[in-house]
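So the protein sequences, as listed, match chains Z and L.
In terms of our numbering, the first sequence opens at residue 1 and continues consecutively.
In terms of our numbering, the second sequence opens at residue 1 and continues consecutively.
Just so you know, even glycine gets a beta-carbon here, dropped at the ideal spot from N, CA and C.
Bear in mind the structure is a predicted one, so any value in this text is a computation, not a measurement.
Below: one structure, written as structure tokens.
Number of protein chains: 2
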Amino acid sequence: MNNYSKQREAILDVMKENLVHPTAEEIYHFVLEKEPQISKSTVYRNINILVELGEIKKLNMTVGPDRYDYLYKEHSHAICEKCGNIFDFYDDFNKDKISKELLKQIGNNMDINSITIYGICEDCKSNNKK
Amino acid sequence: MNNYSKQREAILDVMKENLVHPTAEEIYHFVLEKEPQISKSTVYRNINILVELGEIKKLNMTVGPDRYDYLYKEHSHAICEKCGNIFDFYDDFNKDKISKELLKQIGNNMDINSITIYGICEDCKSNNKK
DNA sequence: ATCGAAATTAGGAATTATTCCTAATTTTAA
DNA sequence: TTAAAATTAGGAATAATTCCTAATTTCGAT
Numbered sequence: 001m002n003n004y005s006k007q008r009e010a011i012l013d014v015m016k017e018n019l020v021h022p023t024a025e026e027i028y029h030f031v032l033e034k035e036p037q038i039s040k041s042t043v044y045r046n047i048n049i050l051v052e053l054g055e056i057k058k059l060n061m062t063v064g065p066d067r068y069d070y071l072y073k074e075h076s077h078a079i080c081e082k083c084g085n086i087f088d089f090y091d092d093f094n095k096d097k098i099s100k101e102l103l104k105q106i107g108n109n110m111d112i113n114s115i116t117i118y119g120i121c122e123d124c125k126s127n128n129k130k
Numbered sequence: 001m002n003n004y005s006k007q008r009e010a011i012l013d014v015m016k017e018n019l020v021h022p023t024a025e026e027i028y029h030f031v032l033e034k035e036p037q038i039s040k041s042t043v044y045r046n047i048n049i050l051v052e053l054g055e056i057k058k059l060n061m062t063v064g065p066d067r068y069d070y071l072y073k074e075h076s077h078a079i080c081e082k083c084g085n086i087f088d089f090y091d092d093f094n095k096d097k098i099s100k101e102l103l104k105q106i107g108n109n110m111d112i113n114s115i116t117i118y119g120i121c122e123d124c125k126s127n128n129k130k
């Protein structure tokens with residue numbers, strides 16, 4: 001794994017141009033405009049490779065399919081569990097502190113990749129239908 | 001939604017007895033021992049209801065299907081993105097502080113349900129095959 | 001540049017995870 | 001006790017993703 005292909009480059013370009021946390025399906029449609037005969041399996045395979053290479057991040061969603069984010073700058077995410085909206089934010093609670101706390105509590109020295117806050121956003125709270 | 005049924009009670013019992021973050025499929029198999037003719041759709045439907053009622057929590061996984069956790073006590077999760085292991089831990093960085101930070105940065109007063117740390121655990125770091 | 005090995009591709013089949021549908025049964029509450 | 005509302009089992013349908021294969025592209029050593 002790691003040979004050049006214009007398909008993989010087109011996918012990464014799409015991720016750089018669209019900072020909107022697209023799903024795999026959405027990435028596929030964006031890429032189709034650059035590479036009209038790319039196949040969906042190629043898109044899925046390369047998304048996984050790019051995640052593994054650390055070029056993009058996978059966002060695990062509560063509602064709907066997973067989403068992806070290009071890491072132009074280190075940041076965290078707050079995700080609404082009702083509407084699925086994703087809010088980027090820049091945290092100041094540092095990883096070192098959490099890292100030490102994890103080691104103390106679970107006895108496992110994890111490398112932290114990201115911190116995600118799950119909750120209910122303001123709009124969903126006021127549009128409360130329950 | 002909210003009538004008593006022994007099926008739903010059996011699912012909640014399974015969640016209370018198995019603090020191992022099971023998948024929906026695993027919950028189905030555990031429940032089968034109590035309710036041998038329960039159907040998988042009933043399990044899925046009730047899992048979703050119990051999540052909505054706040055009795056159990058859905059854990060969004062990077063690898064594999066989603067997992068569920070009975071909330072015997074408020075806690076956070078650290079999830080290994082490689083092996084899928086879930087570590088429960090009790091954080092001391094309080095929600096209020098993060099809440100205020102979110103409001104300041106994204107201008108949205110979210111209710112925080114949970115904080116999840118995604119990373120790579122010690123075992124996966126040392127068994128590094130890359 | 002040329003050639004063989006390794007990696008990647010398109011396209012579609014297969015698989016996995018979950019939701020939806022329907023008629024029958026169970027629960028509720030008046 | 002009874003009718004309305006909720007829930008169920010079972011299976012079909014859908015959604016999301018991975019797998020398979022033969023053809024093509026890329027790479028690296030000449």
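is_contact[residue i, chain L] using C-beta, thresh 8 Å
{"i": "Z:MET1", "result": "no"}
{"i": "Z:LYS125", "result": "yes"}
{"i": "Z:ALA10", "result": "no"}
{"i": "Z:PHE30", "result": "no"}
{"i": "Z:ASN18", "result": "no"}
{"i": "Z:ALA24", "result": "no"}
Under 8 Å between C-beta atoms of residue i and residue j
{"i": "L:ILE115", "j": "Z:ILE117", "result": "yes"}
{"i": "Z:ASN60", "j": "L:THR62", "result": "yes"}
{"i": "Z:LYS82", "j": "Z:TYR68", "result": "no"}
{"i": "Z:HIS77", "j": "Z:ASP91", "result": "no"}
{"i": "L:ILE112", "j": "L:LEU50", "result": "no"}
{"i": "L:PRO36", "j": "L:PHE30", "result": "no"}
{"i": "Z:ALA24", "j": "Z:ILE38", "result": "no"}
{"i": "L:LEU32", "j": "L:TYR70", "result": "no"}
{"i": "Z:LYS16", "j": "Z:TYR28", "result": "no"}
{"i": "L:GLY54", "j": "L:CYS80", "result": "no"}
Simplified DSSP state of residue i, which is helix, strand or coil
{"i": "Z:ASP91", "result": "coil"}
{"i": "Z:LYS129", "result": "Confidence in Z:LYS129 is poor, its pLDDT being 42 and thus under 50, which makes the residue's placement unreliable; the coordinate value appears in the next sentence. Residue state, collapsed to three classes: coil."}
{"i": "Z:ILE38", "result": "coil"}
{"i": "Z:GLU101", "result": "helix"}
{"i": "Z:CYS124", "result": "helix"}
{"i": "L:LYS73", "result": "coil"}
{"i": "L:LEU59", "result": "strand"}
{"i": "Z:ASN46", "result": "helix"}
{"i": "L:ASP111", "result": "strand"}
{"i": "L:GLY119", "result": "strand"}
CB contact below 8 Å: residue i versus chain Z
{"i": "L:TYR90", "result": "yes"}
{"i": "L:MET61", "result": "yes"}
{"i": "L:GLU35", "result": "no"}
{"i": "L:LYS40", "result": "no"}
{"i": "L:LYS58", "result": "yes"}
{"i": "L:MET15", "result": "no"}
{"i": "L:LYS129", "result": "Confidence is the limiting factor: at L:LYS129 the pLDDT is only 41, short of 50, which leaves the residue's position unreliable, though a coordinate-based value still follows. Chain Z contact via Cβ: absent."}
The alpha helix (DSSP H) enclosing residue i, as first and last residue numbers
{"i": "Z:ASP13", "result": "6-17"}
{"i": "Z:GLU25", "result": "24-32"}
heavy atom of the ligand ATP below 7 Å from residue i C-beta
{"i": "Z:LYS73", "result": "This structure does not include the ligand ATP; it has no bound ligands of any sort."}
Q | Interfacial residues, the segment 98-121 of chain Z to chain L, with Cβ spacing under 8 Å | A | Listed in chain order, the positions of the segment 98-121 of chain Z with a beta carbon within less than 8 Å of a beta carbon of chain L are ILE98, GLU101, LEU102, GLN105, ILE106, ASN108, ASN109, MET110, ASP111, ILE112, ASN113, SER114, ILE115, THR116, ILE117, TYR118, GLY119, ILE120 and CYS121.
Q: Taking only beta carbons into account, state which residues of the segment 62-85 of chain L come closer than 9 Å to chain Z, listed in chain order.
A: Answer in chain order: THR62, ASP66, ALA78, ILE79, CYS80, GLU81 and ASN85.
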